[in-house]
Amino acid sequence: MSDHYSDDELLAGLRQKDKNAYYFDLLVRKYQQKLYWMIRRMVTDHDDANDVLQNVWIKVFRNVDNFKEESQLYTWIYRIASNETLTFIDKEKKKQKVRLEDAETAVNQKVDSGMTEDFGDNLQAKLLKAIDALPEKQKLVFQLRYYDEMPYEEISKVLNTSVGALKASYHHAAKKIEENIINKD
Amino acid sequence: MNISEQSSLMNSELNKNINHASVEEELKEVSPFLASHPKPDFTKNIAIPDGYFDKFPIELQSKLPKSRSRISIFDWARQYLLESKKVMAVCSILLLLSCGLVINHHNNRLIETTSISHPDIWLDDIDEDLIKETVNQSVNTASIKAEDTKKENFLLENCSEDELIN
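Those sequence lines, one after another, are chains P and R.
Residue 210 in our numbering sits at position 163 of the first sequence; the count goes up by one each step and never skips.
Residue 127 in our numbering sits at position 143 of the second sequence; the count goes up by one each step and never skips.
Here you go:
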């Protein structure tokens, strides 16, 4: 039902005092899955993804009145989600939950534990692990382009990075993943 | 759905398809290997609790702040500073310019007061008695210093170390 409303309609509804809860619920239902999977691909754990997603929506709710419409609404929401995800990952690193030398093992364990079934094609598991091994910001660029097929101009607004830098980052990431998979075969 | 909404939806779908084609094309150029394999489908192979997306919006409502209109003093200050960045930048430049002008003016005044050229001195205006007094004072000072030096030398040559200390 929420997909029937455009972002402009949802934004207008959010700014009405008496109906903002209703329109906010519609906005959440419209984008929750996309945001969840974007976050989940980065943090790999459901509980962590859930926490980050909640924080994202709370920030959206608090700041929607300050949204200046310089970009699309969903670009703005994605930007909040990216910042919250990267902040969360930085905090986790600082907590030193995972020592650097064990990082690859932990990443592989996390990816495996999240699977409901074995991939029929082992290559798919290798691909996921290779993506997960990328540096955080590069991984985010790669995922926004590869999975969400977001145009570079929008990714530029989400991550506040130039289009040229994003293209270079994405191309470099794709090559790295390819080398990673081919070398492990 | 009215005609404009349908048209908007069709445009959106068209843009999506164009974008999908360009992403595929780009991937073929950058990594033919990745382009030749299907994308791993996260949604099918990653475990999430049953009914998660139905329950999430309801659980979220209980965690939202009561009032959206209240913002913290910190948020207000940050917003005010961000908006007044340009004003602050202009004020900083004006302040620097003013300081520069004041320092420059002060330096010019110092130069004016201290620089005296010969043609500016009117020797007739100088009091001769004052000159004599000044010269006598400097001579006396020099002679006192010379006497002190003589006394020091005498003491060093003729007294022992213990006598000097005591």
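Even for Gly, the Cβ is constructed at its ideal location relative to N, Cα and C.
Keep in mind the model is a prediction, meaning the values are calculated, not measured.
Exercise. Helix or strand or just coil, what does DSSP make of R:ILE32?
Worked result: coil
With 16 as the cutoff for other CB atoms within 10 Å, does P:TYR125 come out buried or exposed? When all chains shown are included, P:TYR125 counts as buried.
| Are the C-beta atoms of P:LYS222 and some chain R residue less than 9 Å apart? | Chain R contact via Cβ: present.
* **Span of the alpha helix (DSSP H), counted from its first residue to its last, around P:ARG87** => 67 to 90
Is R:VAL71 close to chain P, meaning its C-beta is less than 9 Å from at least one C-beta of that chain? Residue contact with chain P for R:VAL71: absent (no Cβ-Cβ distance below 9 Å to any residue of chain P).
*asked:* Cβ closer than 7 Å: which chain P residues qualify as neighbours of R:SER15?
replied: ALA221, LYS222 and GLU225
Against chain P, does R:GLN(-10) count as a neighbour if the rule is that its beta carbon must be under 9 Å from one of theirs? Not one beta carbon of chain P lies nearer than 9 Å to the beta carbon of R:GLN(-10).
Neighbourhood of P:SER119 by C-beta distance below 6 Å, restricted to the same chain and skipping five residues each side: The sequence given here places Gln at residue 119 of chain P; Ser does not occur at that position. Within the same chain, P:GLN119 has no close Cβ partners at all.
*asked:* Need the endpoints of the alpha helix (DSSP H) that P:ALA126 sits in, please.
replied: According to the sequence shown, residue 126 of chain P is Arg rather than Ala. Start and end: 120 to 142.
Practice task
Measure from the C-beta of P:GLN63 to each C-beta in chain R and report whether the shortest distance is under 9 Å.
Solution key: no
Handout entry: Neighbour list for R:LYS47 in chain P, Cβ cutoff strictly below 9 Å
Key = GLN101, TRP104 and ILE105
**Request:** Thinking P:LEU100 and P:LEU74 are a contact (beta carbons under 8 Å), I'd like their distance in whole angstroms, please.
**Result:** In fact, because the Cβ distance is near 13 Å, the residues do not count as touching under 8 Å.
- prompt: Can you find a CB in chain R that lies within less than 9 Å of the CB of P:PRO182?
  reply: No, P:PRO182 does not count as interfacial toward chain R.
What is the DSSP secondary structure of P:ARG236, reduced to helix, strand or coil? Given a span of 48 to 232 for chain P in the structure shown, any question on residue 236 of chain P remains unanswerable.
Q: Closer than 8 Å by beta-carbon distance: list the chain R residues that pair up with P:VAL75, in chain order.
A: PHE40, PRO41 and LEU44
Chain P within 9 Å of R:ILE151, Cβ atoms only: There is simply no residue 151 of chain R to check, as chain R begins at -15 and stops at 150 in what is shown.
Q. Is it true that the CB of P:SER209 sits closer than 9 Å to the CB of P:VAL188?
A. Pairing P:VAL188 with P:SER209 gives a Cβ-Cβ distance that is not under 9 Å.
field: Own chain partners of P:THR122 with C-beta closer than 7 Å, once the 5 adjacent residues on each side are dropped
entry: GLU201, LYS204 and VAL205
Under 9 Å between C-beta atoms, does R:ASN29 make it to chain P? yes
Taking beta-carbon pairs under 7 Å, can you tell me which members of the stretch 110 to 132 of chain P lie near chain R? Under the 7 Å Cβ criterion, the stretch 110 to 132 of chain P contributes ASP112.
Give me the Cα-Cα distance between R:ASN3 and P:ASP195, rounded to the nearest whole angstrom. 11 Å
P:THR134, buried or exposed, once every other Cβ within 10 Å from all chains shown has been counted against 16: exposed
Inset, instruction - Enumerate in chain order the residues of its own chain whose CB-to-CB distance from P:ASP54 is below 8 Å, with the five nearest sequence positions on each side excluded. - result: Taken in chain order, the residues that qualify are GLN119, LEU120 and TYR121.
Query raised in the report: Going by beta carbon distance, what residues of the same chain come within less than 8 Å of P:ILE136, once the five residues before and after it are set aside?
Result: MET89, VAL90 and GLU183
To which residues of the same chain is P:LEU82 closer than 8 Å at the C-beta, ignoring the five residues directly before and after it? LEU100, VAL103, ILE124, TYR125 and ALA128
Checklist line | Amino acids of chain P, ordered along the chain, whose beta-carbon sits closer than 8 Å to that of R:LEU11 | finding: TYR193 and ALA221
**Prompt:** For P:GLN79, which residues in chain R fall below 8 Å Cβ to Cβ?
**Reply:** PHE37, PHE40 and PRO41
By how many angstroms is the C-alpha of P:VAL111 removed from the C-alpha of R:PRO49?
13 Å
R:PHE26 - DSSP class collapsed to helix/strand/coil
helix
According to DSSP, is P:GLU225 helix, strand or coil? helix
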